[in-house]
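Data block below; observations after.
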Amino acid sequence: MQVEIKSGAKEFAVSRLSAWYIVIICSLLYTVNYMDRQVLSITTEFIKKDLGLSDSQIGIIQTLFFLSMAFFAFPAAYLVDRWSRKKTVSVMALVWSAFTFMTGMGKSFLGVLIPRFLVGVGEAGFTSGGTPLIGAAFPDKGRSLVMGIFNMAVPLGSALGLILGGAISVKYGWRMAFYAFTIPGIILAVLALYMKDYKTVRNIDEFGQKISFFRSAVSLFSIPSLKWLYIGFGLQNFMCFAFLVWAAPFVMRTNGVDAQKAGMLVGIIGLMAIFGAIFGGLAADIWQKKNVRGRMLTAATSLLIATVLFFFMIYFDVRGVGYVIGIFYGIFSIFPVPSISAVTQDVTPPSLKGVSWGMAVFCCYIFGGAWSPLLVGAISDGLGGGAYGIKIGLLLTTLGGLAGAFFYWLSARHYSIDMENAQKHKLEEAE
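Counting along the sequence shown from 1, when you hit position 257 you're at 278 in our numbering, and nothing is skipped either side.
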């Protein structure tokens with residue numbers, strides 16, 4: 022059975038088996054990607070004690086990690102669209118796995134900071150390769166659902182990073198958690214080379230001239246729905262990334278539990294997002310059938326709900342009623358992402374599909390996600406370094422969630438027209 026994407030001059034058709042192989046390998050890599058991100062969060066208290074670090078220094082490490090992803094995401098995405106999706110995915114997995122191992126070898130602030138920065142470099146280009154591969158292998162009508170399956174890796178990887186990282190660090194020490202998480206990334210990097218890929222499409226203008234790196238970036242912001250989507254995505258992650266980084270330390274301090282218990286508590290909230298990834302994709306596809314702006318309206322509505330839930334979850338210290346609210350936050354926290362992933366592919370031509378998602382990753386950090394870990398850490402130190410400071414910092418990040426929902430609504434106003442303009446190209450399989 023063949024799966025075709027109808028978006029250009031020729032068709033990219035792969036067998037159903039090959040299409041799902043792409044989804045499985047990319048999803049597993051995405052899972053490992055988030056495991057490697059979250060292992061630092063759950064080992065924060067161990068690292069602080071072992072290396073004598075402050076909350077502000079932990080915040081700096083996390084912020085520079087996110088900034089490395091931001092500044093290398095777009096160049097990596099440009100490479101994806103000019104070279105090879107599957108090869109870029111493989112190389113990136115090898116790079117981030119190697120430096121995850123080296124993070125575990127760190128014996129000082131810089132010894133953790135530098136390899137962690139380079140982990141971000143490796144992770145920067147992954148989704149820019151995986152997203153267009155998956156988007157090309159499945160029909161437009163079901164794309165949000167498949168992207169939902171792909172994005173299940175975010176909560177699954179986050180939860181596994183917290184649960185396994187906490188268990189390993191308690192029993193064998195924080196360094197062993199980093200060493201152990203290196204292995205699956207290397208194995209999957211090899212398997213990624215066996216994915217099908219589509220032919221690289223030349224990025225040229227109407228005069229046959231090659232479009233430069235800078236012009237590619239500018240051209241994305243000339244698409245109204247993408248412009249507002251990018252800003253909204255950054256503001257959404259101003260709130261969400263603060264929780265990813267500081268949730269475990271916050272729960273440890275407010276509940277008086279160790280890393281293993283905190284990892285389990287926060288990990289369960291993260292696992293709930295698996296349902297959000299699936300239902301978010303389903304809801305977006307259903308709404309899209311009834312309304313040509315359905316995908317972006319799904320993103321705007323669900324982010325608004327997630328923001329309200331986030332506020333009350335933190336207000337009640339993620340325990341008792343706060344923990345119950347947190348379960349629902351876990352579901353809605355990722356609800357917008359399948360829509361966002363699909364829309365970045367819906368409104369762009371083949372030559373810019375990787376760059377489109379790369380720019381989304383860049384904006385995700387620069388417009389919000391990179392700064393909230395540092396902000397919360399600084400507020401925590403300023404208020405005495407305990408649970409109260411983290412709480413105030415996390416509550417303030419909900420302003421980003423509210424603003425993000427507004428910009429998603431602005432994106433929805435232009436989405437249908439931009440999608441019509443993009444549906445003039447098709448892809449063909451690379452040899």
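A virtual CB, placed ideally from N, CA and C, is assigned to each residue, including glycine.
- Relative to P357, the option among F331, V345, D367, T322 whose CA is nearest is T322.
- Listed in chain order, the alpha helix (DSSP H) runs fully inside the segment 340–420 are 342–354, 358–367, 374–385, 393–403, 408–417, counting runs of at least 4 residues.
- Secondary structure of K128 (DSSP, three-state): coil.
- The segment 315–335 makes contact with the segment 251–268; the number of CB pairs closer than 8 Å reaches 3 or more.
- In the three-state reduction of the DSSP assignment, D279 falls in the coil class, being assigned neither a helical nor a strand state.
- Your pair A391 and F87 checks out as a contact, with CB atoms roughly 4 Å apart and the cut at 8 Å.
- For V191, the uninterrupted alpha helix (DSSP H) segment begins and ends at 174–193.
- CA-to-CA, the gap between F171 and L292 works out to about 14 Å.
- Distance between F427 and I81, taken at the CA atoms: about 29 Å.
- If only complete runs of 4 or more residues are kept, the segment 45–114 shows the alpha helix (DSSP H) at 65–72, 76–103, in order along the chain.
- In the DSSP assignment, G206 falls within the alpha helix (DSSP H) that extends over 203–212.
- Distance from the CA of T152 to the CA of G127, rounded to the nearest whole angstrom, comes to 32 Å.
- Taking a C-beta distance under 9 Å as the contact criterion, S118 and V53 qualify as a contact pair.
- For F159, there is no enclosing alpha helix (DSSP H), since its DSSP letter is neither H nor E.
- Within its own chain, the residues whose Cβ lies closer than 6 Å to the Cβ of G141, once the five positions on either side in sequence are excluded, are F86, S89, M90, listed in chain order.
- For V272, the three-state secondary structure derived from DSSP is helix.
- Collapsing the DSSP output to three states places S243 in coil.
- In this structure, DSSP gives F264 a helical state, which the three-state scheme calls helix.
- Counted as a single uninterrupted DSSP element, the alpha helix (DSSP H) harbouring F331 occupies residues 315–336.
- The beta carbons of I244 and A268 sit no closer together than 9 Å.
- Residue environment: L183 is assigned as buried (16 or more neighbouring CB atoms within 10 Å of its CB, all protein chains considered).
- Taking C-alpha positions only, L166 is separated from V175 by approximately 15 Å.
- In the three-state scheme derived from DSSP, where H, G and I count as helix and E and B as strand, N258 is classed as helix.
- Pairing S190 with A280 gives a Cβ-Cβ distance under 9 Å.
- With fewer than 16 other CB atoms across the displayed protein chains lying within 10 angstroms of its CB, R37 is exposed.
- Between N312 and the set I438, V345, F337, S62, the nearest pair of CA atoms involves I438.
- Taking all protein chains in view, the Cβ of R236 is surrounded by fewer than 16 other Cβ atoms within 10 Å, so the residue is classified as exposed.
- Taking the C-beta atoms as reference points, K107 is found nearer than 9 Å to G150.
- By the criterion of at least three beta-carbon pairs nearer than 8 Å, the segment 293–312 is not in contact with the segment 201–210.
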